[in-house]
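**Q** Protein chains in written order, with the numbering used here: chain R, 535 to 880; chain W, 555 to 806.
Cβ coordinates follow ideal geometry from the N, Cα and C atoms, glycine included.
Would you mind keeping the following structure in view while I ask a few things?
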Amino acid sequence: MPVLVPEPHDPVCFRKDGKRLDGRDVDEPRPFSCEVGVIKNAQGSAVVRHGGNLIYAAVYGPREVHPRHLAKPDRGILRVYYRMATFSVHDRKSPAPNRRDNEISKVIREAIEPVLFLEAYPDSQIEVFIQIMAADGGTRCASTTAASLALADAGIPMRSMIVGIAAGKAQDKVILDLGDKEDKVGQADVPAVVVMKDKSISLLQFDGEMSLEEMKLSFKYILKGAEVIYKKQLEALKGKYETIRVNAKKESEEYQKSVKETSQKKPQSLLDTIVSKKTEEIKDTKKPKEDEKVQKSKKEQKKETKKGTKKSKKVTKKKTEEKAQKTNETIENAPQKDSEKGGKTK
Amino acid sequence: MEIVESIETPTREIVTPGMVISTDPELIPGRGAVREKNNEIISLFVGLKEIRGKYINVVPLNGLYNPQLGDKIIGRVIAKTPVKYLLNINSKYLGILKPLDAFKRNTRNRGYGKSVGSYRVKDDDLMQKLKMGDLLICKVLSGDRLNEPELTSLGQDLGQIKEGLIVNVPPPKIPRIIGKKGSMITLLKNQLHCKVFVAQNGRILIQGGKNYKNERLLIDAIHKIEEEAHTSGLTDRIKNYIIKEKKKRGIE
């Protein structure tokens, strides 16, 4: 049954032990997780789960501006579309963009613009589409965080990452990262966007009543909470590539091991076989050659004897002896040389 | 072998936008880096940090294609005007292809030809030769940040594509697909016997003819390179992958 008359919220925001209703401390942000590259057709995309919020962001561009008259000749333009799904809130939300949607789109655009180099893209536009799938308080802050992740994933140059987080006041206590109930019941709400490079602030809204000291304390909390979320942003951006790198390193190590094993095994086995084979071959093949040489030398001797010179006989004999010795040496050396070459087969 | 490994792929750190990558006053911020206060050089991209001589660069892992003079790219005809073709070149702008840069002028066959509708079309009407959706390999004649790049399809390797498959990858990953001194692309060509043309705008043309199994494996290998583009020792791993997959899929 739809609730026609909403019940007034219970104003209690703290437990008896001093903690908040969901068990958090005063300066503790809600559980946060994010992922990058979730939408395939977008140039860059991200999904953020911040407490009960589920937010998708997609980035397209830089690309041509339509209608053309919106294009600026000296710099690019950034367009942000903040839209809530019909099922994201308790009562059905009309899908048509209303005043609140347009205002939040503008606010987020102005929070992102200072970290982009829009002057590098004249005559073009960068578009950021933010879709709220589930809303649980603080969607504008979570949307900025998601948009920043999507822009970084798309490879658009940025000065710094940005993080959105809210502080506020409920039951006279300053608290960080308000949930839906605390947002409605509480006395004040300070959504802020922090540029993480120099801890400057690019969005600050304020609604309610606070003393100056309470304001200072809320800024302290905001910076503390932003640091926690920033770390998770970096993990998401790097993690996408680090896991692949680790797996690839393992794979290449395995490959190198296998290469080493084969390179160590192969030459040894080849050497053994080649040496044994070659020695046999040499014994078979080179002996007849010697015989031939001896025969040749005999022929020469005969020729020389015909000429009738005794000295030449002695010289030729010596030569043949030397040749024989040399051939013997070569036979001995042969297998070693082959091994040095690395075992090439014929 | 090991020496080549170390030169080709030093282990490089992954950095994120706004991260301080150096405080050395002598280094000059190159691509993807900017000097801020207190000599801090910060990164602008999610990318790989790299120091080359005096310069410190960040090589982005994703991004758009920026047309540069002399690049060979693959474009698709998406619009026509009476005097020029407009091509989608995977960039911020459309590429302009004027008919005189697209076809060789044949001076002989001039004169009146068939009639189209209420007016006559000359035989050499160059604006009728390409249709919507035609793919062309082009070269960039002029490219800067402000004007639409002008293209030509006259020259070696250039012209209309008649057959083949096109695979899309992010343009910053193209250098990895080519490899150092073309090592990766020659590996792919030698192993898989396909014609491969890698265009600078992130489109890869594959012509395998009848050996479609090789084409499939080549596409898988390209996607593997795309995924692991930021890792070291890639060429060896791809070689191993192709040899394994060949056995699995029964490719000779």
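With P563 of chain R and D711 of chain R assumed to form a contact (beta carbons below 8 angstroms), what rounded beta-carbon distance in angstroms separates them?
**A** With a Cβ gap of about 4 angstroms, P563 of chain R and D711 of chain R count as contacting.
**Q** Any beta-carbon of chain W closer than 8 angstroms to the one on R597 of chain R?
**A** R597 of chain R counts as touching chain W.
**Q** Would the beta-carbon of L651 of chain W be found less than 7 angstroms away from any heavy atom of the ligand NAP?
**A** You won't find the ligand NAP in this model; it holds no ligand whatsoever.
**Q** Would you call the region 742-756 of chain R in contact with the region 686-703 of chain R, where contact means no fewer than 3 C-beta pairs closer than 8 angstroms?
**A** yes
**Q** Work out the CA separation of A686 of chain R and Y594 of chain R for me, nearest whole Å.
**A** Cα to Cα, the separation comes out at about 12 angstroms.
**Q** Expressed to the nearest angstrom, what Euclidean distance is found between the alpha-carbon atoms of S567 of chain R and R779 of chain R?
**A** 22 angstroms
**Q** In this structure, does DSSP put M744 of chain R in helix, strand or coil?
**A** DSSP places M744 of chain R in coil when its eight states are reduced to three.
**Q** If I follow the unbroken alpha helix (DSSP H) through T789 of chain W, where does it start and stop?
**A** It spans L788 to R803 - the alpha helix (DSSP H) in which T789 of chain W sits, taken as one unbroken run.
**Q** Quick one: grab the DSSP three-state call for H584 of chain R.
**A** Here H584 of chain R sits in strand by DSSP.
**Q** Which of the three DSSP states, helix, strand or coil, is assigned to G601 of chain W?
**A** strand
**Q** If we ignore side chains and look at the alpha-carbon of each, how far apart do K606 of chain R and Q754 of chain W end up?
**A** Rounded to whole angstroms, K606 of chain R to Q754 of chain W spans 28 angstroms at the Cα level.
**Q** Can you tell me the Cα-Cα spacing of I595 of chain W and V649 of chain R, whole angstroms?
**A** 16 angstroms
**Q** Put G629 of chain W into one of helix, strand or coil per three-state DSSP.
**A** strand
**Q** Excluding the five sequence neighbours on either side, which residues of its own chain have a C-beta within less than 8 angstroms of the C-beta of N587 of chain R, listed in chain order?
**A** I666, A668, A669, D670, G671, G672, T673 and A676
**Q** For T570 of chain W, which of helix, strand or coil comes out of DSSP?
**A** coil
**Q** Would the region 742-761 of chain W count as touching the region 621-629 of chain W if we require 3 or more Cβ pairs under 8 angstroms?
**A** The region 742-761 of chain W makes contact with the region 621-629 of chain W; the number of CB pairs closer than 8 angstroms reaches 3 or more.
**Q** With 8 angstroms as the threshold, decide whether the Cβ of S736 of chain R is near any Cβ in chain W.
**A** no
**Q** Leaving out five residues before and five after V588 of chain W in sequence, what residues of the same chain have Cβ atoms less than 8 angstroms from its Cβ?
**A** I595, I596 and L598
**Q** Tell me which residue opens and which closes the alpha helix (DSSP H) that P729 of chain W is part of.
**A** I728 to I732
**Q** Can you find a CB in chain W that lies within less than 8 angstroms of the CB of M618 of chain R?
**A** no
**Q** Using a cut-off of 7 angstroms between C-beta atoms, extract the partners of D559 of chain R located in chain W.
**A** Annotation: D559 of chain R has no Cβ neighbours in chain W at a cutoff of 7 angstroms; minimum Cβ distance is about 28 angstroms.
**Q** Check each candidate in W:D790, W:K802, W:I582 and W:R803 and name the one with the smallest Cα separation from E788 of chain R.
**A** W:D790
**Q** Less than 8 angstroms between the beta carbons of I696 of chain R and V662 of chain R, yes or no?
**A** With respect to the 8 angstroms criterion, I696 of chain R and V662 of chain R are not classified as neighbours on the basis of their beta carbons.
**Q** Helix, strand or coil, according to DSSP, for N636 of chain R in the structure here?
**A** helix
**Q** Checking 8 angstroms against the spacing of the C-beta atoms, do G578 of chain R and A645 of chain R come in under that value?
**A** With contacts defined by Cβ atoms closer than 8 angstroms, G578 of chain R and A645 of chain R do not form a contacting pair.
**Q** Assign M618 of chain R to one of three DSSP states: helix, strand, or coil.
**A** strand
**Q** Kindly indicate if chain W contains any beta-carbon less than 8 angstroms away from that of R674 of chain R.
**A** no
**Q** Please list, in chain order, all residues of the same chain as V602 of chain W whose beta carbon is under 8 angstroms from its beta carbon, the five residues on each side excluded.
**A** Reading the sequence as shown, one finds Leu at residue 602 of chain W and not Val. Answer for L602 of chain W: R566, E567, I568, V569, V612, V613, L615 and H784, listed in chain order.
**Q** Among the candidates R:I611, R:R613 and R:I763, whose CA atom is the shortest distance from the CA of V727 of chain R?
**A** R:I763
**Q** Determine the DSSP secondary structure at G607 of chain W, reduced to helix, strand or coil.
**A** coil
**Q** Near A619 of chain R, what residues of its chain come up, given a Cβ to Cβ distance below 7 angstroms and the 5 sequence neighbours on each side ignored?
**A** Q665, I666 and M667
**Q** Report the residue ranges of all beta strand (DSSP E) runs contained in full by the region 556-611 of chain R; include only those spanning at least 3 residues, in chain order.
**A** 566-570, 578-584 and 587-598
**Q** In three-state terms, what does DSSP make of F753 of chain R?
**A** helix
**Q** Answer yes or no: do A591 of chain R and A680 of chain R have a C-beta to C-beta separation smaller than 8 angstroms?
**A** yes
**Q** Cα separation between P518 of chain W and P691 of chain R?
**A** For chain W, the structure presents residues 555 to 806; residue 518 of chain W sits outside this window and is missing.
**Q** Thinking just about the alpha-carbon of each residue, which of W:D698, W:M681, W:K626 and W:L581 is nearest to the one in V637 of chain W?
**A** W:M681
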